[in-house]
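Counting from 2, one number per residue, gives the positions in the sequence shown under my numbering.
Heads up, the beta-carbon is just placed ideally off N, CA and C, and yes, glycines get one too.
What follows is one structure encoded as structure tokens, with my remarks underneath.
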Amino acid sequence: MTPKSLVRLLPVGAVALTTAAAVATSAVAAEKWDMPAGYSAKNFITKSYIAFAEAVTGNSGGKLTIVVHPAGSLYKASKILRAVRSGQVPIGARYMGAHSKEDPIFGVDTVPFLATDAAEAWKLYQVSKPALEAALEKRGMKLLFTAVWPPQGLFTKKPINTIADMKGVKFRAYDATTAKLARLMGAIPTKTEATEIGQAFSTGIAESMIASGAIGVFRKMWDYTKYFYEVNAWLPKSAVVVNKAAWDKLDGKTKQVVLAEAAKTEKAVWEAMKPTNDFYKKTMAKNGMEVVEPSAELQSQFKKIGQVLGSDWAKAAGANGQKLIEAYRK
Ligand code: PCA
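Dropping the structure here:
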């Protein structure tokens, strides 16, 4: 108990701070979460993580500080999910399609031509979210929010009029789907994280790739390629996930702050995708690239390859995957 003489000196409400309960709360306080992320700090998706981290830090009353480590600086992109899962880090952000071998649900958004604009991608996300959350939960993780990448297009040095023009072309792939797509085109895939694109293209390991305008701008693809064909093949997601044990350590109020900021950030980054991508496309054009639609023939050949990749996915995902696609198509 605070002596009566002292109570008068304390601001209203401060008395509670001297109780045993308050002492217990302060003992749980002040967590610092390092948050690895794979992509450069400059693109709009990584910026959304930073905004999220700052908002949580500012609004949690000192209980939780989140610090983003972009561009694979704390963990290489490919190691981030495992680091969160094992509790090496409490939180992390990762491009999910790269993990579709572990569980096909992680790559549902990389099925070509299933969802080709923001509205469709959002619908696919909503339909697949319970399964995505369950797959993460099974691995001791919790989904906080996702960010959507702009539609995927084809970067090349020379003009591509039909798929035959891709024969023997070296191709940077970023997951199993893009590697297989390359093989189906007759191209030669090499898997490389986005942070190593410059090296891959300048050493000649890669001379083409499928990716978004976001990657195009921040990797300065005009230094290596001339064309960006707007295939609009799919809009993959990155996800911010938290280790369950780290999550369970937070008090209820802090959890609420994190969830509220996660929801706000998700909405903002999904809404930002289209205008930001328009800006990225303009930037590529300004730097001398030709940002163009693929020929009708090329596009229909891409769609055929897409069907092969789609049926691969459906086979891997089994009955639950089929149901999910049906629900999405309704
Ligand atoms: N770029 C990522 C995945 C999605 C995207 O647009 C990449 O190229 O690694």
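Sequence-distant Cβ neighbours of P160 in its own chain, meaning closer than 7 Å and more than five residues away, are Y228.
Of all alpha-carbon atoms in Y40, I51 and A31, the one lying nearest the alpha-carbon of T266 is that of I51. Inter-residue distance for N288 and A246 is about 47 Å (C-alpha atoms, whole angstroms).
Note on E138: under 16 other CB atoms within 10 angstroms of its CB, so exposed under the neighbour-count rule. Counting only unbroken stretches of 3 or more residues, the beta strand (DSSP E) elements lying wholly within the segment 272-308 are 291-293, in sequence order. Contact between the segment 144-164 and the segment 227-242 is present: three or more C-beta pairs spanning the two stretches fall below 8 Å. Taking a C-beta distance under 8 Å as the contact criterion, P37 and G88 do not qualify as a contact pair. Residues of the same chain with a CB within less than 8 Å of the CB of K48, apart from the 5 flanking positions on each side, are A42 in chain order.
In this structure, P91 lies near N244, with their beta-carbon atoms less than 8 Å apart. Per DSSP, the continuous beta strand (DSSP E) segment holding M142 begins and ends at M142 to V149. Cβ contact annotation for V259 (same chain, cutoff 6 Å, sequence separation greater than five): V57, in chain order. By the beta-carbon neighbour count (other beta carbons within 10 angstroms, threshold 16), N162 is exposed. Using a Cβ-Cβ distance cut-off of 8 Å, the segment 170-177 and the segment 195-212 are in contact, since at least three pairs of beta carbons, one from each stretch, lie closer than that value.
If you draw a straight line from the Cα of A264 to the Cα of K80, it is about 25 Å long. Relative to A119, the option among A31, A269, G39 and P190 whose CA is nearest is A269. In the displayed model, P113 falls within coil according to three-state DSSP, outside both helix and strand. Between W223 and M290, the CB-CB gap stays under 8 Å. For I189, the enclosing beta strand (DSSP E) has its first and last residue at I189 to K192.
Under a 10 Å Cβ-count criterion, V128 is classified as buried, with 16 or more other Cβ atoms of the shown protein chains found around its own Cβ. Not a single heavy atom of ligand 1 lies less than 7 Å from the C-beta of W271.
Taking non-hydrogen atoms of ligand 1 into account, the C-beta of I216 is found less than 7 Å away from one of them. Given a length threshold of 4 residues, each whole run of the alpha helix (DSSP H) inside the segment 153-229 is given here in chain order: 177-186, 198-203 and 214-219.
Taking 7 Å as the cut-off, the C-beta of P237 counts as close to a heavy atom of ligand 1. Collapsing the DSSP output to three states places L82 in a helix. DSSP lists M36 as the bridge partner or partners of V69. The DSSP-derived three-state label of G88 is coil.
Around the C-beta of E327, fewer than 16 other C-beta atoms lie within 10 Å, and the residue is accordingly described as exposed. In the three-state reduction of the DSSP assignment, K256 falls in the helix class, which pools H, G and I.
Look at Q127: its beta carbon is at least 7 Å from all of the heavy atoms in ligand 1.
Contact between E231 and E294 holds: CB atoms are separated by about 6 Å, below the 8 Å threshold.
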